[in-house]
Amino acid sequence: MKSVKIFLLALLTLLTAQVAQAQTASKAKSQAAGTEQVQLKTSAVCDMCKTRLEKAMAYEKGVQAAVLDVPTQVLTVTYRPEKTTPEALRTAVQKTGYDADAQPADERAYNKLPDCCKKTNAVHTKEGSR
Ligand SMILES: [Cu+2]
Numbered sequence: 001m002k003s004v005k006i007f008l009l010a011l012l013t014l015l016t017a018q019v020a021q022a023q024t025a026s027k028a029k030s031q032a033a034g035t036e037q038v039q040l041k042t043s044a045v046c047d048m049c050k051t052r053l054e055k056a057m058a059y060e061k062g063v064q065a066a067v068l069d070v071p072t073q074v075l076t077v078t079y080r081p082e083k084t085t086p087e088a089l090r091t092a093v094q095k096t097g098y099d100a101d102a103q104p105a106d107e108r109a110y111n112k113l114p115d116c117c118k119k120t121n122a123v124h125t126k127e128g129s130r
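Just so we're aligned: the sequence shown equals residues 1 to 130 in full-length UniProt numbering.
The following block contains the structure:
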C-alpha cells in the first residue's frame with residue numbers, strides 16, 4: 001500500500017513537471033511565432049480615441065495586443081492569423097467609429113463618438129492642415 005502511494009506521488013510530480021514545461025514552451029511559441037502584426041491608419045485623434053480603440057480591439061477575436069500611436073494615427077495590432085485577418089481587424093476599427101486605411105468609419109458608430117473625437121472637429125482639422 002505504501003509503495004503504491006509513493007508511486008502515485010512520483011507520477012504526480014512527473015506530470016506536474018511536464019505540464020510546467022509544456023506551458024513555458026507554448027508561451028515562448030506564442031510570443032515568437034504564431035502571431036502577426038498589421039498597421040492600420042485610423043482617424044483617431046486623441047487619447048480618448050486611443051483608449052476607445054485599444055479597448056475595442058482587445059475584445060476582438062484573435063487580437064493579442066493593440067497599440068495606437070496618436071500623433072501618427074497608426075494602430076499596430078498583434079494578432080493570431082488563424083483566428084482573424086487584417087480585413088476583420090479593419091472592420092472592427094470601422095465599427096468603433098474610425099476610418100481604417102481607405103475604409104471609412106461606420107457612420108452609426110462614428111455619430112456616437114463624443115464631439116472632440118470627430119474628424120470635423122475644428123481642433124483636428126486645424127491639426128490636419130498643419
Ligand atoms: Cu478622441
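We put the beta carbon where it would ideally sit given N, CA and C, even for glycine.
Counting along the chain, where does the beta strand (DSSP E) carrying Lys41 start and finish?
On the sequence shown, residue 41 is found 41 positions in, with the first residue counted as 1. Lys41 -> beta strand (DSSP E) spans 36 to 41.
Output the residue ranges of the beta strand (DSSP E) runs that lie fully inside the UniProt domain "HMA" (35 to 101) and measure 3 residues or longer, sorted by chain position.
The qualifying runs are 36 to 41, 63 to 69, 74 to 79.
Taking all protein chains shown into account, decide if Cys49 is buried (16 or more other Cβ within 10 angstroms of its Cβ) or exposed.
Within the sequence shown, the letter at position 49 stands for residue 49. Classification for Cys49: buried.
Starting from Ala109, trace the alpha helix (DSSP H) in both directions and tell me its first and last residue.
As a working mapping, residue 109 is identified with position 109 in the sequence shown. That run of the alpha helix (DSSP H) goes 107 to 112.
Would you report the Cα separation of Ala102 and Gln39, rounded to the nearest angstrom?
Position 102 of the sequence shown holds residue 102. Position 39 of the sequence shown holds residue 39. Using only the alpha carbons, I get a separation of about 13 Å.
Any heavy atom of ligand 1 nearer than 6 Å to the CB - residues listed
Val45, Cys46, Met48, Cys49, Cys116, Cys117
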